[in-house]
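Contents: one structure, followed by commentary.
Number of protein chains: 2
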Amino acid sequence: MSAAAAAPIRTAKGERTAERILDTAEALFAERGYAGTTLRDVASAAGLRIPSLYNHFAGKDALYAAVLERGIAPVIDALVAPDASDADTVQRILGQLNRRPNLPRLVQQEVLRGGEHLSPVLVQWFKPALTQAEETLRARPGSRRWSDEQIPLLVLALYQVVVGYFAIAPLMKALNGEDLLESEALARQTRFFADLVAALLPEE
Amino acid sequence: MSAAAAAPIRTAKGERTAERILDTAEALFAERGYAGTTLRDVASAAGLRIPSLYNHFAGKDALYAAVLERGIAPVIDALVAPDASDADTVQRILGQLNRRPNLPRLVQQEVLRGGEHLSPVLVQWFKPALTQAEETLRARPGSRRWSDEQIPLLVLALYQVVVGYFAIAPLMKALNGEDLLESEALARQTRFFADLVAALLPEE
DNA sequence: GAAGGAAACTAGCGCTCGTTCGTTTTCAAG
DNA sequence: CTTGAAAACGAACGAGCGCTAGTTTCCTTC
Numbered sequence: 284m285s286a287a288a289a290a291p292i293r294t295a296k297g298e299r300t301a302e303r304i305l306d307t308a309e310a311l312f313a314e315r316g317y318a319g320t321t322l323r324d325v326a327s328a329a330g331l332r333i334p335s336l337y338n339h340f341a342g343k344d345a346l347y348a349a350v351l352e353r354g355i356a357p358v359i360d361a362l363v364a365p366d367a368s369d370a371d372t373v374q375r376i377l378g379q380l381n382r383r384p385n386l387p388r389l390v391q392q393e394v395l396r397g398g399e400h401l402s403p404v405l406v407q408w409f410k411p412a413l414t415q416a417e418e419t420l421r422a423r424p425g426s427r428r429w430s431d432e433q434i435p436l437l438v439l440a441l442y443q444v445v446v447g448y449f450a451i452a453p454l455m456k457a458l459n460g461e462d463l464l465e466s467e468a469l470a471r472q473t474r475f476f477a478d479l480v481a482a483l484l485p486e487e
Numbered sequence: 284m285s286a287a288a289a290a291p292i293r294t295a296k297g298e299r300t301a302e303r304i305l306d307t308a309e310a311l312f313a314e315r316g317y318a319g320t321t322l323r324d325v326a327s328a329a330g331l332r333i334p335s336l337y338n339h340f341a342g343k344d345a346l347y348a349a350v351l352e353r354g355i356a357p358v359i360d361a362l363v364a365p366d367a368s369d370a371d372t373v374q375r376i377l378g379q380l381n382r383r384p385n386l387p388r389l390v391q392q393e394v395l396r397g398g399e400h401l402s403p404v405l406v407q408w409f410k411p412a413l414t415q416a417e418e419t420l421r422a423r424p425g426s427r428r429w430s431d432e433q434i435p436l437l438v439l440a441l442y443q444v445v446v447g448y449f450a451i452a453p454l455m456k457a458l459n460g461e462d463l464l465e466s467e468a469l470a471r472q473t474r475f476f477a478d479l480v481a482a483l484l485p486e487e
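Chains as they are written, first to last, in the numbering used here: chain A, 284 to 487; chain B, 284 to 487.
Laid out in structure tokens, this is it:
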């Protein structure tokens, strides 16, 4: 997409408000889920009235799909980048999640819903990502520590550690006052994750 | 509570239907969240009409609180059992989650909501549980592998692995057809978790 | 078996949801 | 400055929500 041949240089006003709507909707959907988020809340947080939303999105479903699409697409791009090393890929994904801290919560909301009413974009993304992660892990020399049937469980565990950290951040802030999304805390978690992988899959 | 001095021996009809309502509500709340679950759905799944629910619970909020209370209480009991060894505690908690596979999804729904509208029973439970887990980990000799500031992150990571496995089970079933909650798969995950802890915190 | 209370039901209330119609305002191009 | 389309708006619709009053049915205990 993005066929911007001889396109207008300055982004139009409509595009900017659409982006603002997506930002506020992303935060609200991530915190309250699809059913718990009302279009009145989205409009109010975006500084608009409800009918104005319909100038940019066909309805609640379309808005939700657009939020998911905009958030997930860069992660897919980072995952399928052909020339990247494993460490680069992990670093790039962590960077993306850092830039959009609401995305993991959004994905977790979808995961919890399980089979029913699942967004197609997520289904198409999730399975190949797990498969690729499995292959990457098997290629590491340290994977011999684990049996064949344990590798998928290891992938799942690492996924949970990465995504779960962002998902639980708001709760920890409410409980401890500690902000896990601060740059220092994020750097600490990145270091910890590297140590974790090193402990589970030693290079030698 | 439960002042059952000279109480009726056989459980009354009302108690049995209350239990049935709790079961169906637990499943629906876990899958669709609080806002996404309607009392009409709960009543229909329980084989009742809506007004009958109010003979057992004061309203939607009270029903949700009762579901959470019934599910979390045994886990708390397992956590604060005074004479249990660490391995016993882990085993008992995994057994509880096995018996109530919907509970982790329910807790995750609460976690995702973060600070706002958080159930008090969860807040009171979560913080001491994390603190105790931290102490337990520090007592293990293998914890010297990790720095002081990494221990809380390790606790969080292990929590995510345990709870996340149950939370993602419905999605995996929808994607692969593989049922992670089967007894064989659960035994595999239990073994894997033990290996994981052993790799992260070696005994020697 | 009679009686009384618990439990399930029918009908419907007030309210908020997502959505739409018709109008007014804003903005960028000629 | 004019102009026409894009964008924001006020008002309101039908549907579905949680919840309740009043009535009927069921079960338990003498």
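Every residue gets a Cβ at the ideal spot worked out from N, C-alpha and C, and that includes glycine.
Predicted, not measured: the structure shown is a model, and the values here were computed from it.
Going by beta carbons, residue 351(A) and residue 389(A) fall inside the 8 Å limit. In this structure, residue 404(A) lies away from residue 434(A), with their beta-carbon atoms at least 8 Å apart. The alpha carbon of residue 391(B) has as its nearest neighbour, out of 374(B), 379(B), 377(B), 409(B), the alpha carbon of 409(B). Below the 7 Å Cβ cutoff, chain A contributes 436 as neighbours of residue 472(B), in chain order.
The Cβ-Cβ distance between residue 450(B) and residue 365(B) does not fall below 8 Å.
Residue 346(B) places its beta carbon less than 8 Å from that of residue 340(B). Secondary structure of residue 402(A) (DSSP, three-state): coil. Of the candidates 309(A), 437(A), 461(A), 437(A) places its Cα closest to the Cα of residue 482(A). Its chain contains 452, 455 as the residues whose beta carbon lies nearer than 6 Å to that of residue 463(A), once the 5 sequence neighbours on both sides are disregarded; these appear in chain order. Taking C-alpha positions only, residue 316(A) is separated from residue 326(A) by approximately 16 Å. Among the residues facing chain B, residue 340(A) is not included, as its CB has no counterpart in that chain under 8 Å away.
When the five nearest sequence neighbours on each side are left out, the beta carbons in the same chain lying within less than 8 Å of the beta carbon of residue 307(A) are those of 325, 328, 329, in order along the chain. For the C-beta of residue 358(A), not a single chain B residue is nearer than 9 Å; the gap to the nearest is close to 17 Å. No Cβ-Cβ contact shorter than 8 Å links residue 385(A) with residue 461(A). Residue environment: residue 402(B) is assigned as buried (16 or more neighbouring CB atoms within 10 Å of its CB, all protein chains considered).
Along the stretch 298-317 of chain B, the positions whose C-beta sits under 8 Å from a C-beta of chain A are 313, 314, 315, 316, 317, read in chain order.
If the five residues before and after residue 486(A) are omitted, its C-beta is found closer than 7 Å to the C-beta atoms of 424, 425, all from its own chain and listed in chain order. Residue 338(B) carries a coil assignment under DSSP once its states are collapsed to helix, strand and coil. Remark: C-beta atoms of residue 447(B) and residue 447(A) approach each other more closely than 8 Å. Shown in chain order are the members of the stretch 394-426 of chain A whose Cβ falls below 8 Å from a Cβ of chain B: 394, 395, 396, 397, 398, 399, 401, 406, 409, 410.
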